[in-house]
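Q: If you use my numbering, the sequence shown corresponds to residues 1355 to 1404, in order.
We put the CB at the ideal spot given by N, CA and C, even for glycine.
All values derive from a computational prediction rather than experimental measurement.
Please read through the structure below; I'll follow up with questions.
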Amino acid sequence: MYEDLLTKEELAVRLNISAYDVDKLRKTKNMPFIKIGRTYRYELEKVKLF
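Right, dumping it as structure tokens:
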């Protein structure tokens, strides 16, 4: 179920941006994410459409 979810570090590597930029996009541009406990996870396909 959660195997296709990426951490911000994994997403940053795939998008060739910094983990800081992933956080900034999530906070300011409403990048799609899922919150699990205290962590944020990202679906690569939804982020690509973003």
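1. I'd like to check one pair, R1392 with L1359: are the Cβ atoms closer than 8 Å?
2. Spatial neighbours of L1379 within its chain, please: C-beta separation below 6 Å, excluding the five flanking residues on both sides.
3. Within 10 Å of its beta-carbon, does K1362 have 16 or more other beta-carbons around it, so buried, or fewer, so exposed?
4. Who are the Cβ neighbours of E1397 in its own chain at under 8 Å, not counting the five residues just before and after it?
5. Going by DSSP, what residue range makes up the alpha helix (DSSP H) through E1439?
A: Answer, in terms of the structure:
1. Reading the sequence shown from its first residue, position 5 is the one you call residue 1359. Reading the sequence shown from its first residue, position 38 is the one you call residue 1392. Taking 8 Å as the Cβ cut-off, L1359 and R1392 do not qualify as a contacting pair.
2. Indexing the sequence shown from 1 puts residue 1379 at position 25. Cβ neighbours of L1379 beyond the five flanking positions: M1385.
3. In the sequence shown, the residue the question calls residue 1362 occupies position 8. That one is buried.
4. Taking the sequence shown and counting its residues from 1, the one referred to as residue 1397 is at position 43. D1358, L1359, L1360, P1386, I1388.
5. The question about residue 1439 has no answer, for the chain in this structure spans 1355 to 1404.
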